[in-house]
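Using our numbering, read the sequence shown as starting at 849 and increasing by one per residue. One structure below.
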Amino acid sequence: MNQVPAIKLNNGTLMPQLGYGVWQVPDAEAERAVGTALEAGYRSIDTAAIYGNERGTGKAVAASGLPREELFVTTKLWNGPKQTWGRDQVLRAFDDSLAKLRLDHVDLYLIHWPRPMRDDFVAIWKTFEEIAASGRAKAVGVSNFRPADLDRIAAESALVPAVNQVELHPLHPQAALRAEHAARGIVTEAWSPLGQGKELLTLPAVTSIAATHGRSAAQVVLRWHLQHGNVVIPKSVTPARIRENLDVFGFELDAAETAALDALGAGAAGRRIGPDPAEFDV
849 MNQVPAIKLN
859 NGTLMPQLGY
869 GVWQVPDAEA
879 ERAVGTALEA
889 GYRSIDTAAI
899 YGNERGTGKA
909 VAASGLPREE
919 LFVTTKLWNG
929 PKQTWGRDQV
939 LRAFDDSLAK
949 LRLDHVDLYL
959 IHWPRPMRDD
969 FVAIWKTFEE
979 IAASGRAKAV
989 GVSNFRPADL
999 DRIAAESALV
1009 PAVNQVELHP
1019 LHPQAALRAE
1029 HAARGIVTEA
1039 WSPLGQGKEL
1049 LTLPAVTSIA
1059 ATHGRSAAQV
1069 VLRWHLQHGN
1079 VVIPKSVTPA
1089 RIRENLDVFG
1099 FELDAAETAA
1109 LDALGAGAAG
1119 RRIGPDPAEF
1129 DV
């Protein structure tokens, strides 16, 4: 039985709190990996145009035989080429993602990066309003946006992003940003929820808690996210780990354990793994 709780987005759409991410999964492997995740019980799949695996993801969804209403599919606009993204470009990119996914709608569509130096994400958001109104995306949101970027949208649009997907893990806990999201009615979704590499998962604070509960370090970190209300999308192509990452609902961290993991990010402004959203451009 699927034990994953649902988070209600600000437009009433329900989103599974734990999903499966396919960043860095080659398209040729995506069908198998996503198929394994769906068989294991995942019902939320997170992809993006820039990942280059929407086709493989779509094949797995189609082959699963699962009712569409049981699935939550997220993809993202890659506003990457050095150009201004107008309405027509955004709509073409969205149509292309739907075609690759073999879907008539997605459940969540995100602007992948703000790229504030271009000053065009508000215009992009205006087209996202159209997409949301059409029903071809049940909800729309953003990724890697800072409070200042969210302020820009709020000043020029009545549509509040449903989700902001950001780098978030115990070494970069984003407490202030999470509080901003809560105040604005935006759900926080964590990418790289386990960090990258093995650093986080080998820290004594993590491994000692894992030993106490008879769980893996990854399960402990995912549990930390869930108890903070974050949506998480761990990625693995190993079937055993795909299943393990879903098996995080049979235990809870106590207050002291949660505090110990919270402390890992104290003063850790420099522990960001990915690009700084204020500077990232391609």
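Positions of the beta carbon are idealized from the N, C-alpha and C atoms, including for glycine.
The C-beta distance from Val1014 to Ile855 rounds to 15 Å, too long to fall under 8 Å, and the pair is not in contact. An exposed status is given to Gln1044, since fewer than 16 other beta-carbon atoms sit within 10 Å of its beta-carbon. Scanning Thr884, Gly869, Ile1121 for the CA closest to the CA of Lys1083 turns up Gly869. The stretch 926 to 988 contains, as complete alpha helix (DSSP H) runs of 4+ residues, the segments 935 to 949, 969 to 982 (chain order). DSSP places Ala854 outside any alpha helix (DSSP H); the residue lies instead in the beta strand (DSSP E), whose first and last residues are 854 to 856.
Counting only the Cα atoms, Leu866 lies some 24 Å from Pro962.
In this structure Leu857 touches Val1011 by the C-beta definition: roughly 7 Å separates them, less than 8 Å. Distance check between Leu951 and each of Glu1004, Arg880, Pro929, Glu917 places Glu917 closest, using alpha-carbon atoms only. Here DSSP, grouped into helix, strand and coil, assigns Tyr890 to coil. In the three-state reduction of the DSSP assignment, Asn992 falls in the coil class, being assigned neither a helical nor a strand state. By the Cβ rule, the stretch 882 to 890 does not count as touching the stretch 992 to 1009, because fewer than three pairs are nearer than 8 Å.
Residue state for Thr1055 is assigned as helix, using DSSP reduced to three classes.
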